[in-house]
Amino acid sequence: MRRPDLSAGYSYDGWQVVDPTPQEKSNDVYCCGPAPVKAILQGHVDLKYDVPFVFAEVNADRVTWMVFADGSKKKISTDSVSVGQNISTKAVGSDKRVDITANYKYAEGTKKERAVYNLAVKRVNIPGENSNGTHDGKPGVSMKIVELTKPVSGKDIDLKLILNSNDSETRTLVINVNVQAMRYTGIPSSQIQTELKKLKLLPNQDLTIPIHIPFSVYGEKMRESNSIKVSAVVTDKDKSEAVYITEKDLVPESPSLTIKAIGSELQYSDMTAEVVFENPLSEGLRNCFITVTGSGLLTETMEAR
Numbered sequence: 566m567r568r569p570d571l572s573a574g575y576s577y578d579g580w581q582v583v584d585p586t587p588q589e590k591s592n593d594v595y596c597c598g599p600a601p602v603k604a605i606l607q608g609h610v611d612l613k614y615d616v617p618f619v620f621a622e623v624n625a626d627r628v629t630w631m632v633f634a635d636g637s638k639k640k641i642s643t644d645s646v647s648v649g650q651n652i653s654t655k656a657v658g659s660d661k662r663v664d665i666t667a668n669y670k671y672a673e674g675t676k677k678e679r680a681v682y683n684l685a686v687k688r689v690n691i692p693g694e695n696s697n698g699t700h701d702g703k704p705g706v707s708m709k710i711v712e713l714t715k716p717v718s719g720k721d722i723d724l725k726l727i728l729n730s731n732d733s734e735t736r737t738l739v740i741n742v743n744v745q746a747m748r749y750t751g752i753p754s755s756q757i758q759t760e761l762k763k764l765k766l767l768p769n770q771d772l773t774i775p776i777h778i779p780f781s782v783y784g785e786k787m788r789e790s791n792s793i794k795v796s797a798v799v800t801d802k803d804k805s806e807a808v809y810i811t812e813k814d815l816v817p818e819s820p821s822l823t824i825k826a827i828g829s830e831l832q833y834s835d836m837t838a839e840v841v842f843e844n845p846l847s848e849g850l851r852n853c854f855i856t857v858t859g860s861g862l863l864t865e866t867m868e869a870r
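Every position in the sequence shown, counted from 1, becomes a number in this note's numbering once 565 is added.
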């Protein structure tokens with residue numbers, strides 16, 4: 566698409582970003598673009614239309630804040646890598662994925678990427694990075710949540726929280742592990758379980774805490790949800806300002822069905838297939854039914870109870 570409406574000193578012709586269903590209004594209308602891809606890549610966020618919005622979509626940081634009862638905030642962590650990855654399009658003449666991330670942003674951590682970011686901030690007249698919270702340097706405690714087994718719906722879920730001390734002090738930690746059922750919008754639908762522990766973390770050593778989520782506890786809560794968020798909030802008892810957070814999203818796999826043809830398959834002839842389902846639960850299932858569809862094979866959807 567040509568963009569003769571933009572500066573003659575630099576060509577913004579070519580691919581444009583257009584989105585009829587964006588998350589916010591543009592001049593009181595829910596629309597986005599056309600925004601030149603070249604402008605997004607170079608940080609020219611003062612150009613039409615909605616270039617700042619698209620630039621933020623591919624360059625934003627994910628920031629975790631702790632909000633205290635008095636309304637004050639503390640920045641816990643910043644993830645500058647996960648947003649804007651694997652920007653894709655369909656290949657010409659095939660169904661393969663083509664990665665076009667480099668068309669929208671320079672590689673994370675490069676001098677060019679930082680220069681483009683600084684230019685974008687300057688062009689929208691933001692005096693440096695705004696922050697209304699505090700943020701310490703390298704954390705004294707690092708931690709992560711690890712799956713012990715692949716989550717499968719109908720079975721218990723086992724994970725472990727691993728904490729590591731990066732300094733020479735013994736720390737007394739208050740550890741709050743929270744498990745929530747999540748809607749597809751990212752909003753919690755219900756509380757599954759919570760656990761509070763007070764433990765000591767020795768210098769330069771790991772501390773491992775098992776996390777067990779029984780199906781008998783989470784199963785009923787997942788009727789309107791398809792994912793589980795496990796979060797751990799750790800506070801240093803002797804340094805109340807030292808707070809650490811880690812999260813992990815789980816999507817339990819549904820038990821699989823096995824479809825097996827019975828007899829020989831001949832073109833233009835009826836055939837029979839067997840569907841096998843193994844109940845993963847320790848209790849019986851009632852009022853079950855299976856829905857079968859087959860484009861070009863079945864004239865209508867079939868249901869069996």
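Glycine included, each C-beta is placed from N, C-alpha and C at the ideal position.
Could you tell me whether the Cβ atoms of I871 and T643 are closer together than 8 Å?
It is not possible to answer for residue 871, since the shown part of the chain is limited to 566 through 870.
Among K670, K638 and S645, nearest to K653 - alpha-carbon criterion
As a position in the sequence shown, residue 653 is number 88, starting the count at 1. Sequence inspection shows Ser at residue 653; the Lys mentioned does not correspond to that position. That would be K670, whose Cα lies nearest to the Cα of S653.
Whole alpha helix (DSSP H) runs in the region 728-787 with 4 or more residues, listed along the chain?
780-783
Thinking R736 and D801 are a contact (beta carbons under 8 Å), I'd like their distance in whole angstroms, please.
In the sequence shown, counting from the first residue as 1, residue 736 sits at position 171. In the sequence shown, counting from the first residue as 1, residue 801 sits at position 236. With a beta-carbon spacing of about 6 Å, R736 and D801 fall inside the 8 Å limit used to define contacts.
Beta-ladder partner(s) of P820, from DSSP:
Residue numbering aside, residue 820 sits at position 255 when the sequence shown is read from its first letter. By DSSP's assignment, P820 forms no beta bridge with any residue.
Check each candidate in Q758, C596 and H777 and name the one with the smallest Cα separation from K725.
Taking the first residue of the sequence shown as 1, we reach residue 725 at position 160. Selected option, being the one with the closest Cα: H777.
Using the beta-carbon count (16 or more within 10 Å), is G674 buried or exposed?
Translated into positions along the sequence shown, residue 674 becomes position 109. Its Cβ having fewer than 16 others within 10 Å, G674 is exposed.
Quick one: what does DSSP say I810 is sitting in, helix, strand or coil?
Here the question's residue 810 lines up with position 245 in the sequence shown. Residue state, collapsed to three classes: strand.
Do G598 and V583 have their beta-carbon atoms positioned less than 8 Å apart in this structure?
Here residue 583 corresponds to residue number 18 of the sequence shown, with the count starting at 1. Here residue 598 corresponds to residue number 33 of the sequence shown, with the count starting at 1. Remark: C-beta atoms of V583 and G598 approach each other more closely than 8 Å.
Would you mind sorting L766 into buried or exposed? The rule is 16 or more other CB atoms within 10 Å of its CB.
The residue you call residue 766 lines up with position 201 of the sequence shown. Result: buried.
For M566, collect the residues of the same chain with a Cβ closer than 8 Å to its Cβ; drop the 5 residues on either side in sequence, then sort them by chain order.
On the sequence shown, position 1 is the one that residue 566 refers to. Counting only Cβ-Cβ distances below 8 Å, and skipping sequence neighbours, we find D578, G579, W580, Q581 and P599.
Nearest-angstrom Cα separation, counted from V686 out to N695
If you number the sequence shown from 1, residue 695 lands on position 130. If you number the sequence shown from 1, residue 686 lands on position 121. Here N695 scores only 47 on pLDDT, less than 50, and its place in the model should not be relied on; the value that follows carries that caveat. If you take the alpha carbons of N695 and V686, they lie about 10 Å apart.
Which partner residues of I710 appear in the DSSP bridge assignment?
On the sequence shown, position 145 is the one that residue 710 refers to. Looking at the DSSP assignment, I710 forms a beta bridge with L726.
From the DSSP output, in three-state form, read off T699 for me.
Residue 699 sits at position 134 when you count from the first residue of the sequence shown. Only weak support exists for where T699 lies, its pLDDT of 43 falling under 50; the value from the coordinates is given anyway. Strand.
Excluding the five sequence neighbours on either side, which residues of its own chain have a C-beta within less than 7 Å of the C-beta of Q756, listed in chain order?
By 1-based counting over the sequence shown, the position of residue 756 is 191. Closer than 7 Å at the Cβ level, and outside the excluded window around Q756, lie Q745.
Considering only residues of the region 567-639, which uninterrupted alpha helix (DSSP H) runs meet the minimum length of 4 residues and lie entirely inside it, listed in chain order?
602-607 and 616-624
Reference V798, options I727, E678, N683 and N731, closest by Cα:
As a first step, residue 798 is located in the sequence shown; it is residue number 233 there, counting from the start. Residue I727 is the option with its Cα nearest to V798.
Could you work out which residue in V663, T823, D814 and L862 is closest to I831 when comparing CA atoms only?
As a working note, residue 831 is residue 266 in the sequence shown. One detail in the question is off: residue 831 reads as Leu in this sequence, not Ile. Of the residues V663, T823, D814 and L862, the one whose Cα lies closest to the Cα of L831 is L862.
Looking at the structure shown, is V798 part of a helix, part of a strand, or coil, going by DSSP?
Here residue 798 corresponds to residue number 233 of the sequence shown, with the count starting at 1. If DSSP states are grouped into helix, strand and coil, V798 belongs with the strands.
Mind reading off the beta-carbon distance from L815 to F842? Whole number of angstroms is fine, and I expect it under 8 Å.
For the purposes of this step, residue 815 is taken as residue 250 along the sequence shown, with counting starting at 1. For the purposes of this step, residue 842 is taken as residue 277 along the sequence shown, with counting starting at 1. So it is not a contact: roughly 23 Å between Cβ atoms.
Contacting residues, own chain, Cβ-Cβ under 6 Å from H700 (five flanking each side not counted):
Locating residue 700 in the sequence shown gives position 135, counting from the first residue. Confidence is the limiting factor: at H700 the pLDDT is only 45, short of 50, which leaves the residue's position unreliable, though a coordinate-based value still follows. K640, listed in sequence order.
Classify E678 as helix, strand or coil using the three-state DSSP reduction.
Residue 678 sits at position 113 when you count from the first residue of the sequence shown. Helix at E678.
Measuring alpha carbon to alpha carbon, tell me which of A625, L846 and K638 ends up nearest K720.
What you label residue 720 is simply residue 155 of the sequence shown in a count that begins at 1. For K720, the nearest C-alpha among the options comes from L846.
Rounded to whole angstroms, what's the CA-CA distance from P585 to G705? Just pull it up for me.
Taking the first residue of the sequence shown as 1, we reach residue 585 at position 20. Taking the first residue of the sequence shown as 1, we reach residue 705 at position 140. Cα to Cα, P585 sits roughly 45 Å from G705.
Could you tell me the boundaries of the alpha helix (DSSP H) in which T666 lies?
Reading the sequence shown from its first residue, position 101 is the one you call residue 666. Annotation for T666: the continuous alpha helix (DSSP H) segment containing it runs T666 to Y669.
Report the CB separation of E806 from V795 in whole angstroms; it is logged as a contact under 8 Å.
Position 241 of the sequence shown holds residue 806. Position 230 of the sequence shown holds residue 795. The Cβ separation is near 25 Å, so there is no contact.
CB contact flag (I740, I774, <8 Å)
Numbered from its first residue, the sequence shown carries residue 740 at position 175. Numbered from its first residue, the sequence shown carries residue 774 at position 209. Cβ distance < 8 Å, so I740 and I774 count as in contact.
Hey, S718 and P779 are a contact pair by Cβ (cut 8 Å); roughly how many whole angstroms apart?
Taking the sequence shown and counting its residues from 1, the one referred to as residue 718 is at position 153. Taking the sequence shown and counting its residues from 1, the one referred to as residue 779 is at position 214. Contact flag wrong, Cβ pair sits at about 13 Å.
Three-state class that DSSP yields for K687 in the structure shown:
As a first step, residue 687 must be located in the sequence shown, where it is residue number 122. Residue state, collapsed to three classes: helix.
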